[in-house]
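Have a look at the structure below before the remarks.
Protein chains in written order, with this note's numbering: chain A, 2 to 82; chain B, 586 to 812.
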């Protein structure tokens with residue numbers, strides 16, 4: 002099982018599935034499959050997504066479940082304070 | 586893997602996006618087909634008109650053609666075509682497409698006809714467009730008819746599932762015929778061969794219609810409205 006943050010990243014950028022699908026050259030249904038975790042993308046597709054979001058692959062995909070962003074951001078702020 | 590055109594996902598005016606409805610349609614199609622084949626076998630035996638001049642054979646061919654060409658399981662219907670349109674020709678890198686007009690260029694680059702694209706995209710298409718006929722690699726196309734990597738994998742899975750089911754069906758038939766005392770007649774053999782051929786041709790599409798989830802169902806996160 003590979004977890005991903007595609008739905009979060011797409012929502013942050015206010016993109017529809019159609020737009021994201023068109024930009025990375027797949028069909029909109031495939032974005033749905035990726036977001037639900039029903040399909041594990043090839044390396045080529047993973048790198049296309051990484052390039053599109055301007056993020057490293059490991060920031061989008063992970064073999065372990067992602068921690069909520071709030072948990073990751075707030076401890077950092079506490080440390081900074 | 587389901588067609589991107591909502592019109593193709595309608596059957597007798599009923600919206601067939603929901604998986605339950607698609608499954609019902611598959612069962613109904615095969616049910617009608619098997620009943621028709623059974624009726625034809627019986628009638629071919631008893632009605633001389635159907636026995637002579639291959640009447641029964643032609644009607645069986647008609648029933649099989651209906652499943653493959655006109656029913657919900659038809660080629661180019663609710664399920665995308667397994668191959669690119671006829672203007673594809675074979676090439677070294679998995680095929681080439683012939684771009685003949687502005688709409689072809691728009692479909693190749695942005696997956697829609699020229700008029701349906703936003704103005705910014707139209708301008709980009711106009712900048713790229715050249716008058717004449719040009720071959721481009723099919724792999725670079727963004728037409729919605731093209732199968733992407735997930736859909737190719739799904740097609741492979743559906744074909745394997747169909748092959749497994751057909752093998753099981755053949756083994757069951759072998760057992761049934763081995764235990765049967767009556768002599769096999771030509772209409773029995775013809776009906777079994779037509780049925781096997783029809784299942785082999787339409788099976789992958791039926792499998793996809795059976796298994797593919799409703800494309801309208803989103804992920805858990807629904808912050809962005811679909812366009």
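Glycine included, every Cβ here is placed at the ideal spot set by N, Cα and C.
Query	Result
DSSP state of residue 845(B) mapped onto helix, strand, coil	A question about residue 845(B) goes unanswered here, because the residues of chain B that appear run from 586 up to 812.
Helix, strand or coil at residue 600(B) according to DSSP, with G and I counted as helix	strand
Given 8 Å, three or more beta-carbon pairs between the segment 601–615 of chain B and the segment 28–44 of chain A	no
Start-to-end residues for the alpha helix (DSSP H) that takes in residue 57(A)	Unbroken run through residue 57(A): none, as it is neither H nor E.
Range of the contiguous beta strand (DSSP E) that encloses residue 721(B)	719–722
Interface residues of the segment 677–699 of chain B facing chain A [CB-CB below 8 Å]	695 and 696
Residue 763(B) versus residue 769(B) - alpha carbon distance	11 Å
Neighbourhood of residue 596(B) by C-beta distance below 7 Å, restricted to the same chain and skipping five residues each side	610 and 657
Contact under 9 Å by Cβ, residue 710(B) with residue 694(B)	yes
Supposed close pair residue 800(B), residue 19(A) - CB separation, criterion 8 Å	Their Cβ separation, rounded to whole angstroms, is 12 Å, which puts residue 800(B) and residue 19(A) out of contact at 8 Å.
DSSP state of residue 63(A) mapped onto helix, strand, coil	strand
For residue 589(B), the nearest candidate out of 760(B), 705(B) and 736(B) (CA to CA)	736(B)
Residues near residue 792(B) by beta carbon distance below 7 Å, same chain, minus five either side	743, 746 and 747
Neighbour list for residue 587(B) in chain C, Cβ cutoff strictly below 9 Å	Protein chains in the displayed structure are A and B, and chain C is not among them.
Which listed residue (641(B), 618(B) and 637(B)) has its alpha carbon closest to that of residue 626(B)	641(B)
Beta-carbon neighbours of residue 734(B), restricted to chain A and to distances below 7 Å	43 and 46
Proximal residues to residue 688(B) (C-beta, below 6 Å), its chain only, five neighbours per side dropped	698 and 699
Residue 796(B) to residue 37(A) span [Cα, whole Å]	15 Å
Chain A residues whose Cβ lies nearer than 9 Å to that of residue 800(B)	29, 30 and 33
Local Cβ density within 10 Å of residue 643(B), reported as buried at 16 or more and exposed below that	exposed
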